[in-house]
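Those sequence lines, one after another, are chains A and B. Take 1013 as the starting number for the first sequence in the working numbering and just add one per residue. Take 1013 as the starting number for the second sequence in the working numbering and just add one per residue. All residues carry an ideal CB built from backbone N, CA and C; glycine is no exception. All remarks here apply to the structure that follows.
There are 2 protein chains.
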Amino acid sequence: MAVNLSAPKPSQPYPIAGVRLGVTEAGVRKAGRKDLTVLLIEPGASVAGVFTQNRFCAAPVQLCREHLAQGAAVRAMLINTGNANAGTGEDGRRRALRSCIALAEKLKLSAQEILPFSTGVIMEPLPLDRIEAGLDAALADAREDNWLRAAEAIMTTDTVAKAFGKQLLLDGTLVSITGISKGAGMIRPNMATMLGFLATDACISPALLQQLARELAEASFNRVTVDGDTSTNDSFMLIASNKARHALIETLDSANGQALKAGLLEVAQQLAQAIVRDGEGATKFIRIEVEGGKTEAECRQVAYAIAHSPLVKTAFFASDPNLGRILAAVGYAGIEDLDQRCIDLYLDDVQVASCGGRHPSYLEEDGQRVMRQSEITVRVLLGRGAAMQTVWTCDLSHDYVSINADYRS
Amino acid sequence: MAVNLSAPKPSQPYPIAGVRLGVTEAGVRKAGRKDLTVLLIEPGASVAGVFTQNRFCAAPVQLCREHLAQGAAVRAMLINTGNANAGTGEDGRRRALRSCIALAEKLKLSAQEILPFSTGVIMEPLPLDRIEAGLDAALADAREDNWLRAAEAIMTTDTVAKAFGKQLLLDGTLVSITGISKGAGMIRPNMATMLGFLATDACISPALLQQLARELAEASFNRVTVDGDTSTNDSFMLIASNKARHALIETLDSANGQALKAGLLEVAQQLAQAIVRDGEGATKFIRIEVEGGKTEAECRQVAYAIAHSPLVKTAFFASDPNLGRILAAVGYAGIEDLDQRCIDLYLDDVQVASCGGRHPSYLEEDGQRVMRQSEITVRVLLGRGAAMQTVWTCDLSHDYVSINADYRS
Chain A
1013 MAVNLSAPKP
1023 SQPYPIAGVR
1033 LGVTEAGVRK
1043 AGRKDLTVLL
1053 IEPGASVAGV
1063 FTQNRFCAAP
1073 VQLCREHLAQ
1083 GAAVRAMLIN
1093 TGNANAGTGE
1103 DGRRRALRSC
1113 IALAEKLKLS
1123 AQEILPFSTG
1133 VIMEPLPLDR
1143 IEAGLDAALA
1153 DAREDNWLRA
1163 AEAIMTTDTV
1173 AKAFGKQLLL
1183 DGTLVSITGI
1193 SKGAGMIRPN
1203 MATMLGFLAT
1213 DACISPALLQ
1223 QLARELAEAS
1233 FNRVTVDGDT
1243 STNDSFMLIA
1253 SNKARHALIE
1263 TLDSANGQAL
1273 KAGLLEVAQQ
1283 LAQAIVRDGE
1293 GATKFIRIEV
1303 EGGKTEAECR
1313 QVAYAIAHSP
1323 LVKTAFFASD
1333 PNLGRILAAV
1343 GYAGIEDLDQ
1353 RCIDLYLDDV
1363 QVASCGGRHP
1373 SYLEEDGQRV
1383 MRQSEITVRV
1393 LLGRGAAMQT
1403 VWTCDLSHDY
1413 VSINADYRS
Chain B
1013 MAVNLSAPKP
1023 SQPYPIAGVR
1033 LGVTEAGVRK
1043 AGRKDLTVLL
1053 IEPGASVAGV
1063 FTQNRFCAAP
1073 VQLCREHLAQ
1083 GAAVRAMLIN
1093 TGNANAGTGE
1103 DGRRRALRSC
1113 IALAEKLKLS
1123 AQEILPFSTG
1133 VIMEPLPLDR
1143 IEAGLDAALA
1153 DAREDNWLRA
1163 AEAIMTTDTV
1173 AKAFGKQLLL
1183 DGTLVSITGI
1193 SKGAGMIRPN
1203 MATMLGFLAT
1213 DACISPALLQ
1223 QLARELAEAS
1233 FNRVTVDGDT
1243 STNDSFMLIA
1253 SNKARHALIE
1263 TLDSANGQAL
1273 KAGLLEVAQQ
1283 LAQAIVRDGE
1293 GATKFIRIEV
1303 EGGKTEAECR
1313 QVAYAIAHSP
1323 LVKTAFFASD
1333 PNLGRILAAV
1343 GYAGIEDLDQ
1353 RCIDLYLDDV
1363 QVASCGGRHP
1373 SYLEEDGQRV
1383 MRQSEITVRV
1393 LLGRGAAMQT
1403 VWTCDLSHDY
1413 VSINADYRS
């Protein structure tokens, strides 16, 4: 059950000039589901990406890094679900490269111009024959207005396809932004999400595009967590097709740069939050705001301690205002010189704790009222400084256990 | 369901000369359950303790630290369940002290000679009147052979009382060791467990006793985790009644010191492992051994990343050899220069992965066979050095969610 994801309706995924997508059912793991996607990029575009910090990063992530480092223009992406091609050693690298070569031959490109992405079960061999057999159908399906179908084709345990868009004017020129993402479990991105693709027809210099990819990921995908498990395959790609007819943007120190970044961030945050709203078994969407820290890093430490606590997450699932569990998580977050007498805690507008103890006017029924909501803001005031950070997460339900106990069967 | 805890039968909790325990039903939170324990110590004994590192430590933990620091001999302990007296601010400290004063008056002691312990719900006021009203009945019940009843009286969500004992000869003198512990959720001790009390009639110098308390906790309670939540109330107390008639032990550099430490450690590890075996919702007992690290600290980092991963824990619950999840956890454990090509993974005697990929001879049915067992050893070889560490944990089941979604109701 995704939390408030289908209604209100997600924003429109606009076609992006110069970017076409095609999908097919290749039967990578199971028959009868869209599981193979090609994303084709016209010459003249720029591509930037950030990838998982997991040291066990998957073979396709290794190849993406190498191909981007070699500096060839990226002309296509190849995305499969059903198999992560992670924990597969040298053989996994060979299979990922072979899939790039197969697509490159059909497109008359070099393998270095292709980026591969995989998501699914870890430590099983990528079924290369099925992927190669599916390429023609995926290519025949390629269209600029295919973003929603591609969002469906990259789903694994997701229950809702995640596609968002936005349009804005730069110097009077209409610019479009569209993104898709997937991911519902093994979500604690660290430099990227499971898979996220964000494209715009805006004209952006390659150097700025890479800077933007990092900054967008940091403020969106790197601020969500479902279960604290950083995936082996996290990849976030930013594509600028450079088709819109406005002056090239080379810095964020301009009105156009600022407007474009704000638009991209809005879509990136929608995509990232959609992953949490559709988190495995999620019934509630939780925003954790930590204020009054000495540094942003310590605010994040506290926010993630709360977000990852199974006890806090099950209390949200139960709508039980067992809020001492939040204080306990604040206490073990790792701030050595934290003074509990300075801590205040709010649940939405309800002050629960002050000076490290129960707030004198706090009533259980007020906490209960907020806990029953499907969206809840936890606000912790550390009383140590002026830094603040926000993290988005979800609750831990029976369905999370069911989904992950049954995932491979 | 506790994993292999009742059978084979736990070792005998021997009476310890000079230590008496009494319990009663004080109705702290619910009627009809033993929830108040007094532990009375004859003059001449030594007491040492280690406490939670949670910065939101509970009022009784604060008082324990202060009373021990003041250097008065500890003559009694007062333990209640049903209320943790944590997240209760100044009022909580006053109530904890009042409970010590009430017991001190009945025993003609000073409040500083009493140590208070509480466990249960956080952020609710300690019901002082009920605790004071229960003291006479608890004191009337005090006997040296009451360890098992005390183990029952300190239970919260535990399903099995945890009491173990051991006897050994020091210079021909029979020495007894007995310990009790409780704790099933909010378990990732950091310097101690939820509540653990270990007593011996051996004669140990106070300085050595404090050193032993730290070393025992480090190798037992600090190596178990259920859900990664470090409690506000963790306390591990070591009592030497000094009643046995052997020469005082002042150092571990002696045959007697070594023998006594080995005996204490055996009981402490049984108590600590019992907490995991009775972990909330646990159906499996998992031993995680990480070898070949550069440092013990990095071995622990990897072991805890595996032990805390909800995806790994749900796979164990499902008996599903979805073992790539273990590799993913190794990868995000935080070792910056980890080379995945050096990693080997075993499940009991089955080699699952070698050189970072699936082992050539690994068969799913072999992994499946081990995953069905109620006790499983995960062995990760990092191939970086000679350090090793072991951590004990359990799986994550539907019952964990049920227990923690319903705990207060």
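Coarse secondary structure for residue i, derived from DSSP in three states
i	result
residue 1288(B)	helix
residue 1072(A)	helix
residue 1356(B)	strand
residue 1087(A)	coil
residue 1337(B)	helix
residue 1061(A)	strand
residue 1429(B)	Past the boundaries of the shown model lies residue 1429(B); chain B is included only from 1013 to 1421, so the question cannot be answered.
residue 1234(A)	helix
residue 1274(B)	helix
residue 1269(A)	helix
residue 1191(A)	strand
residue 969(B)	Not covered by the structure: residue 969(B). The range shown for chain B is 1013 to 1421.
residue 1045(A)	coil
residue 1252(B)	strand
residue 1226(A)	helix
residue 1279(B)	helix
residue 1051(B)	strand
Minimum Cβ-Cβ distance from residue i to chain B less than 8 Å
i	result
residue 1237(A)	no
residue 1104(A)	yes
residue 1300(A)	no
residue 1110(A)	no
residue 1216(A)	no
residue 1352(A)	yes
residue 1399(A)	no
residue 1131(A)	no
residue 1135(A)	yes
residue 1020(A)	Because residue 1020(A) sits at a pLDDT of 41, beneath the cut-off of 50, its placement in the model cannot be relied upon, and the following sentence gives the value as read from the coordinates. It does not; no Cβ of chain B falls within 8 Å.
residue 1335(A)	yes
residue 1062(A)	no
residue 1187(A)	no
residue 1332(A)	yes
Minimum Cβ-Cβ distance from residue i to chain A less than 8 Å
i	result
residue 1092(B)	no
residue 1198(B)	yes
residue 1175(B)	no
residue 1343(B)	yes
residue 1379(B)	no
residue 1422(B)	Residue 1422(B) falls outside the range modelled here, since chain B spans only 1013 to 1421, and no answer is possible.
residue 1072(B)	no
residue 1347(B)	yes
residue 1322(B)	yes
residue 1416(B)	yes
Span of the alpha helix (DSSP H) around residue i
i	result
residue 1032(A)	From DSSP, residue 1032(A) is part of no alpha helix (DSSP H) but of the beta strand (DSSP E) over 1031–1036.
residue 1165(B)	1159–1165
Same chain, Cβ closer than 6 Å to residue i, five either side skipped, listed in chain order
i	result
residue 1024(A)	1177
residue 1409(A)	1293, 1295 and 1329
residue 1161(A)	1035
Extent of the continuous beta strand (DSSP E) run through residue i
i	result
residue 975(A)	Look at the range of chain A in this structure, 1013 to 1421, and you will see that residue 975(A) is not part of it.
residue 1143(B)	Premise fails: residue 1143(B) lies in the alpha helix (DSSP H), 1140–1152, not in any beta strand (DSSP E).
residue 1098(A)	Looking at the DSSP string, residue 1098(A) is not in any beta strand (DSSP E), and its letter there is neither H nor E.
residue 1179(B)	1174–1182
Chain-order list of residues whose beta-carbon lies under 7 Å from that of residue i (same chain, five-residue window excluded)
i	result
residue 1096(A)	1070, 1130, 1131, 1132, 1133, 1134, 1244 and 1245
residue 1221(B)	1058, 1060, 1250 and 1252
residue 1278(B)	1178
Residues near residue i in its chain [Cβ-Cβ closer than 8 Å; skip 5 each side]
i	result
residue 1379(B)	1333, 1335, 1359, 1362 and 1364
residue 1388(A)	1296, 1297, 1298, 1299, 1328, 1359, 1360 and 1382
residue 1187(B)	1179, 1180, 1181, 1212, 1213, 1214, 1256, 1258, 1272 and 1275
What are the start and end residues of each continuous alpha helix (DSSP H) run of 4 or more residues lying completely inside the region 1347–1420 of chain B, in chain order? 1376–1383 and 1410–1418
Which runs of the beta strand (DSSP E) fall wholly inside the region 1103–1137 of chain A and span at least 3 residues, in chain order? 1126–1133
Counting only runs of 4+ residues fully inside the region 1289–1329 of chain A, write out the alpha helix (DSSP H) ranges in chain order. 1308–1320 and 1322–1329
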